[in-house]
Structures are given as structure tokens and as C-alpha cells.
Amino acid sequence: MKIVLQRVSKASVSVEGKTIGAIDDGFLILLGVSDTDTEEIADKMVDKLCKLRIFQDENGKTNRSLADVGGQLLVVSQFTLYADCSEGNRPSFFRAGAPDLANRLYEHVVERCRMYVDKVEHGEFGAYMQVELLNDGPFTLVLDSDMIVKKKKN
Numbered sequence: 435m436k437i438v439l440q441r442v443s444k445a446s447v448s449v450e451g452k453t454i455g456a457i458d459d460g461f462l463i464l465l466g467v468s469d470t471d472t473e474e475i476a477d478k479m480v481d482k483l484c485k486l487r488i489f490q491d492e493n494g495k496t497n498r499s500l501a502d503v504g505g506q507l508l509v510v511s512q513f514t515l516y517a518d519c520s521e522g523n524r525p526s527f528f529r530a531g532a533p534d535l536a537n538r539l540y541e542h543v544v545e546r547c548r549m550y551v552d553k554v555e556h557g558e559f560g561a562y563m564q565v566e567l568l569n570d571g572p573f574t575l576v577l578d579s580d581m582i583v584k585k586k587k588n
């Protein structure tokens, strides 16, 4: 599982010109699911992203979590995070999870995030979406389950 997390002042996602999800201060999450991901991996990734302390405290240090600041989440599916551009000029997506698996885990992530955060908005799986955001910082992180989850097992 791969996540591109952007700390935002605001973000929204639209399908066919209609806004279907919008947040203020919090994280925009672009979520990619691979063919080897499981609910266990998803749970660990959600736990990690929701507990990250990347909001400023009273001393200007990045030391506060989403819960500490009442932050919100916007989760958008993004299979292109598994693009393989190593050969040729057309990306291959062979490592991206099959649509049924990816949708199930995407929905699982959204529901799991609600255990940590009061407001969780989301895109529409498989739809052509337009995402708008105001990156705060900018502060952007990449979380990869191969580094976070599998590293802990070793």
C-alpha cells in the first residue's frame, strides 16, 4: 500500500463537475493498493497516518497529530501510485491491486480512518476525479507499507 499524504488548508474532490468530498485543515490522502495488500496492512497504515505528528505546536515544532488539531481527512483512490515506468514511455500498472481488492481495501481504509478522525470525506473509486488542494507548508509525505509494515516484521 502506498499513500501520498499532503497536509492541507483545504482540499476537495469532484466527479463530473460535482464536489463529492471537501475538507478544511487536515490531510489529503492519495491511496494506492497493491495486489499483495491486506486488511492487516491497511490497519497499520491508517494507524501510522492518523498518528503522524506533523502539525505545529505552540513552539512551532511539528509535534501535533490530526486528533490534537481536530484535523480532517480526504481519501482519494490512486492506482497510479503503482505505476512502473522503468521500461518504455508508457507506464505499466501490473502491481496495482485488482479492482475488487483495491475497492474493498479503499473502503476499509475510509472506515478505519473514522475511528481516529471525526470528518472523513472520500472520492469515488474508479471514477475520473478532479482534486483541488491548498498544500499547507508545503508538507508532503510518502508512506509505503513495504517500508512501514514489513520493516517492523524483520
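Mapping of the sequence shown onto this note's numbering: position 146 corresponds to residue 580, and the numbering continues sequentially without gaps. Where a beta carbon is used, it is the ideal one built from N, C-alpha and C, also for glycine. All values derive from a computational prediction rather than experimental measurement.
Please determine if the stretch 508–525 and the stretch 441–458 are in contact, where contact requires at least 3 C-beta pairs separated by less than 8 angstroms. yes
May I ask you to list the residues that DSSP assigns as paired with residue 574? 440
Is residue 563 closer than 7 angstroms to residue 447 when the C-beta atoms are compared? yes
Would you mind sorting residue 591 into buried or exposed? The rule is 16 or more other CB atoms within 10 Å of its CB. Because the chain here runs from 435 to 588, residue 591 falls outside it and cannot be looked at.
To which residues of the same chain is residue 540 closer than 7 angstroms at the C-beta, ignoring the five residues directly before and after it? 465, 467, 511, 559
Since I believe residue 569 is in contact with residue 442 (beta carbons under 8 angstroms), could you give me their beta-carbon distance rounded to a whole number of angstroms? 6 angstroms
DSSP three-state call for residue 528: helix, strand or coil? coil
Is there contact here, the stretch 528–543 with the stretch 486–503, by at least three beta-carbon pairs under 8 angstroms? no
For residue 487, does the three-state DSSP call read helix, strand or coil? coil
Can you give the Cα-Cα distance for residue 500 and residue 529, rounded to whole angstroms? 31 angstroms
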